[in-house]
Structure formats: C-alpha cells, structure tokens
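First residue of the sequence shown: 1, per the UniProt record's numbering; consecutive thereafter.
The beta-carbon is built from N, C-alpha and C at its ideal position, and this holds for glycine as well.
These numbers come from a predicted model, not from an experiment.
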Amino acid sequence: MDRLLNHIKMRNKMLLIYFLCVFIPIVLTNLLFYNTITENVRNQRIRDIDRTIEQINNDFREQVDNAVGLSSFFYADLSTNEILDRDFANAADYLEVYDSYLRRMLNNYTPLSFSLQNVTIYVDNDTLLHSGNIGYLSDELREEPWYRQALANDTSHPIFTRTESESGRFQEFSLIRKMDYYSGRLNKEKVVKIDFKTIDIGEIFNNLNMQGAVYLLNPSGDIEYTTDSSIDWKKSDKTAFSTIRSSDRIKFTSRYSGVSYLEGWSIVGTVDENEVIREVRKSRDFILISACLMMILPTLVIVIITRSFNVRIVKILKQMKKVRSQNFEVIPVTDFRDEIGQLSLGFNRMILQIKSLIDDVYIAEIQKKSLELERSKAQLNALQSQINPHFLFNALETIRMRSLLKDENETAAMIHSMAKIFRSSLTWNKDMITVREELEFIICFLDIQKYRFEDRIDYSLDVQPEAYACKLPKMLFLPFVENASIHGLEPLKQGGQIHIAITMKDRNLIFKIRDNGTGMNERQIGKLYSYLETNEIMGERIGIQNVIYRAKLIYGAGFHFLIYSAPGQGTEIELRIPRLPDPGGKEQ
C-alpha cells in the first residue's frame, strides 16, 4: 500500500484525502441526519396532533360531565321531586313554594353563564306554572325525537343527543335524563333537558393547534358536528364519516368508552398529509443548506491549502532539476515557517554552502581555524570564571584567620558570615535546604548589616520548632530580608527593627517579615505583585523577582505572596508555601 501511494502525485493524494475523509463522510452523515430528523419531525408532529385530539376529547367530555353532574342533582334531590310531583290547589300556592325553594335551587345549580344554554325540567303536572325552567310534558312534547330517545332508554343514565328545529335543521346539543329515582314513591313523569351552548362547543373543536378538520361522530358513525366547512352537518340527513375521501389525509381518532352517556361516540381529526410534510420540508431545506455549506467551505479551504503545498513543492522540484545542470540558483522565497518553507530555506542553505565550498574553499578553512581558536578561548575564560570565585573565598578565609590572630574577633566574625554566604552562592547544585540552614544565611546577612550600621538596625526571630526541619529552595527568604534592610531601614536616620516569624499551619510553611521602615506606595506594591503574572526567566540574579519566579515554578498554585505596606508605616510581607514530600514519601 505504501509503495502504491508513493507513486501518486501530491495533488492526487490531496484529492483522495478530500473525497475519502471529507466529501463522502459529509454526504453519508447528512443522509443519515436527514432521515433521522425527518422521521423525528414527522413523528413529533403526529404526536402533537394526537395530543390535540385528546385535549379536545377531554374538554368536550368535561362540558358534558358538568351537565351530567347537574342532572344528577335534579335526579336525586328529594325536595325538588316532591314539589314537582305535588298537586297545587291554586297558582299562589305553587308560586310560594317556587319562590321559597325552586327559584333558589335553580339559580344556584344552573350555571347558564358558562357552557349551558338552558336547563328545563318537564313534568306531567298541569297544576304547575310552566315557566322559569319548569315545563309541561304535553302530548306534543312526547312526540319530539329527543323525548322518544329518552323514553327508549331502559336505564336512568343520561343521554347525549342533538335536537333539531321543526324545519329539520340542527338546533342544539342536549343532555336528556328521566327523573325516576323516586318512581316507587312519586308517580308523575319528569324529564330534565339540559341544552349546551353551540358556540362553546365550537371553541373546543376549533383548537388552534389543530391544522385540520375535527369531527364529532355518533355511535352510528354519522357526523354530528364538524369544523370542516365543506360539510353541511346541520341538516337532518346526516353524513356518514366513511363517505369522506381520506386517502391523502392522516386520521386521528379518540373514542369514548366506559362512559354510559357517551358510549360509542368518538372525536376524529383529519390532517392533510402535506401539513405534516411541510414541517419535514423545513428541516429538509435546513439540512440541504447546511450540507452545502459543510461541503463548499471545506472544499475551498482544502483547495487553498493544497495549492499552497503543490505550487511550492513544484517550485522546489524545478530548482533541483537545475542543480543537475550545475545551475546553483536559490529559490526566491520569503521566510515561511511551515515544513515546505523550512525545506526551501534548507535547500537554499545547501546551495549556498555548495557554492561556498566550490568558490571559497580556502577562506572557509581559515574561518574554521579561527572559530576553533575562539572556542578554545571561550573554554579558557569559562574555566577562569570558575577559579576566580574560589580564589576570592580562599582570600576571605585567609583574612579572617589573620584577624583572629590579631584578636579582631568582630571583624573575623563578619568575614566568616560573608564567607558562608559566598560559599553558599557557589554551590547551586544543592538547591533544597532546611529552614535552619536558610536562617543561618539570614543571620549572617543581618550580622553584617549590624556591623555596618551598628545600633541603627536590630532584628528578632520567632521560629516554630517543627519548622526548622522543613525543606525549601535555597535563598528563598534571604532576598526579602535584604530588601527590608537596604530599602526599608537603611534610609532611616535613627534606624529600625526587623522581625521575622516562621510558623507551620495546615501543612503550609508561613514566612513573615515585618519592618518599621519607609514603606512602599501603591505603585511599588503593584510592581511586586506584577511579578506573580510574568513567566519570564530572570537569569542568574537572586532578587525578589527571581525568587517569585522560582517559587511559582516549584509550587505552582500552592505559592501565596502578600504585601501590607504604606509610605512611612513600614512593610510586612508574607510568603506561604506547601510542605514538599521528601524522596522517602514523608513531608518536609
């Protein structure tokens, strides 16, 4: 496989990579994405419509249930039934009973202002005044279809039906119920008829979420009500739902079962297939546009990048062919940083070196010898720079011994302190030392300062015993002591004091140094804090900037640096570093 690829040109390889790794995967991914999204959109739309039909079903049943509940009250209320069954001697007696009970009862339990158009109780009692929701069950009324339907019902369950006018047109939907609960005690026939507001039923069926037609079907499958404007559902000759063409529609059905007064009734919704497909088309257009963008943009990027490769590689090949004919010309290129640019620069260097070897071989030899001589001189200077510090240290030791012989003990002690600090600066291979060793350097430095300024500088130490053995980078604390002494106390005429405290808390080593010197202003404090943000290497100087850099390098986020200072009020600096584990696994 590798041998075959090695014979294919670079441009063809790029095209192969494009088709195999970009074009074909994008096409396959978008096809899969399209099929998945369209199926999900279609299913979601169908679920939404199904939920809408179910909501219409529940809302319609809730209206009917309200009427059923009202009919149940009249059906079971003994006082109402006894009053309607009584024979009154005159109209005044009836009006007295009506005003005392029936009027209040009818007003309290007849919510005409909501979904019910009218509530009428028909009674076979000619001694009543047939007004105010009370009607006479006459022979003409017994001929009404709705009454015959109620009479044909062997049970006392309510019946939901539609009533028509004398012309045979739809009038209203009604709930009919025989009031025969006390038929053993009372002998007059009573029927309650509750009429629904057609406009309220229309609001339920004209649901905004239903982008199609909704049908209310009776148990025979005939259309009793519909939002389909092409069907005249109000005529007496009812239209069977099965006769409606529905080949290009999706049907949603919700049936009433287990409810005696709506048994066999159903609500059917039909939605045009194009309505569902319209949502799918929206997602399809989005997928096609995104797919085109995903193919066009990568294609443009790949064309631009491959052209950058191909043009420059072809240029290098042309120059290499010229070298075969002893034509040593460099490639006119700018300072590109990619591999081809580096290859061009390397080719140019090679050409220039070949020309140099051919034309200037003797000059090159002389330059080579000169370079070797300079290298030897640099090695000698490096060796001498290592010898000189040791010579100075030995000289200090000699002066200290001579001072002891002459009983100049104070001078000898200062030279000894200086020698210890100087010796430490020569042994950077031991970077981690204990707090006890760091304190020795600090005391040596402070003793030298006291020797210089006598009583103008004083210091005190407060070290927690368990902190002595903790390890830390060498000379981590000393630069802060030097800064407090030189910049804090030295400018004072009457001198000052330095207090150093080293404690342990929560597995952290805390170093605090406080002086009563000149203090710092906000600009100086900000400059010190800025060292926490920079990551530049500061060379071999041992100053505060370099100390902060070393601490960040070793401890990372575990290093904390705080400054409390103001002009004329002294300075307090706090360093907090975590205890590092020693090679044996114990904390130091």
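Note down, in chain order, each residue of its chain lying with its Cβ closer than 8 Å to the Cβ of residue i, except the 5 sequence neighbours on either side.
i	result
Y94	F88, T127, L128, L129
S460	Q497, I498, H499, I500
K234	R169, F170
A150	I159, I176, R177, K178, V191
P567	T518, G519, M520, N521
S242	G221
K355	F328
Which same chain residues, not among the five before or five after residue i, have their C-beta less than 7 Å away from its C-beta?
i	result
D59	I204
A240	G221, D222
V68	P158, L175, Y261
S165	Q171
Q117	E172, D195, F196, K197
D180	S156
L383	Annotation note: pLDDT 37 at L383 (below 50); position unreliable, no value reported.
D458	Q497
G495	F453, D455, R456, I457, L489
Going by C-alpha distance, which of the options is nearest residue i?
i	options	result
residue 666	P578, Y549, F453, A557	Given a span of 1 to 588 for the chain in the structure shown, any question on residue 666 remains unanswerable.
S156	I134, S167, Y182, Q171	Y182
G517	I525, L472, Q497	Q497
T503	R550, S485, M295, R576	R576
R249	L509, C21, R255, V214	V214
T253	S290, L217, Y529, D65	L217
F559	G570, D180, V547	V547
I554	D431, F480, E273, R307	D431
L293	I277, N30, I8	N30
L186	A152, A150, N133, N125	N125
Y549	Y564, Y531, L562, L357	Y531
M210	W265, E275, V259	E275
L106	N90, R86, T80	T80
K188	E490, P145, I121, E140	I121
A467	G495, N483, R436, G184	R436
E533	K552, S71, R523	K552
residue 598	I277, E140, V27, F74	Lying outside 1 to 588, the shown extent of the chain, residue 598 is not represented and no answer is given.
E482	I525, K450, Q342	K450
Leaving aside the five residues before and after residue i along the sequence, list all residues of the same chain whose C-beta is less than 6 Å from its C-beta, in chain order.
i	result
R103	none
K474	D431, I433
D359	none
F480	I513, I573
I510	T503, R576
N153	I159
V463	I502
R255	S266
F477	E438, F511
Using the beta-carbon count (16 or more within 10 Å), is residue i buried or exposed?
i	result
Y529	exposed
residue 672	No answer is possible for residue 672: the residues shown for the chain start at 1 and end at 588.
R148	exposed
F286	exposed
N327	exposed
D455	exposed
Q569	exposed
V301	exposed
G269	buried
From residue i to residue j, what distance separates their C-alpha atoms?
i	j	result
D195	R284	49 Å
I17	I289	24 Å
L32	C21	17 Å
K193	L84	15 Å
V271	T299	43 Å
S230	R177	34 Å
I201	I56	10 Å
R45	D237	35 Å
L137	W265	28 Å
G556	Q545	15 Å
Q63	S72	14 Å
S565	F441	25 Å
G258	D99	40 Å
N348	I331	6 Å
P25	N35	15 Å
K318	I8	18 Å
G135	S167	22 Å
R245	V97	58 Å
G212	K251	10 Å
A76	Y101	16 Å
Practice task
May I have a chain-ordered list of the alpha helix (DSSP H) segments no shorter than 4 residues that lie completely inside the stretch 170-213?
Solution key: Those alpha helix (DSSP H) runs which fall completely within the stretch 170-213 and span 4+ residues are 198-205.
Practice task
Would you mind listing the beta strand (DSSP E) stretches within the stretch 490-533 that are 3+ residues and don't spill past its ends, in chain order?
Solution key: The qualifying runs are 496-505, 508-515.
Handout entry: Complete beta strand (DSSP E) runs within the stretch 57-142 (minimum length 3 residues, chain order)
Key = Complete beta strand (DSSP E) runs here, min 3: 116-123, 134-136.
Practice task
Scan the stretch 224-256 and note each continuous alpha helix (DSSP H) run of 4 residues or more that stays entirely inside, going in chain order.
Solution key: Look at the stretch 224-256 and you find no whole run of alpha helix (DSSP H) that is 4 residues long or longer.
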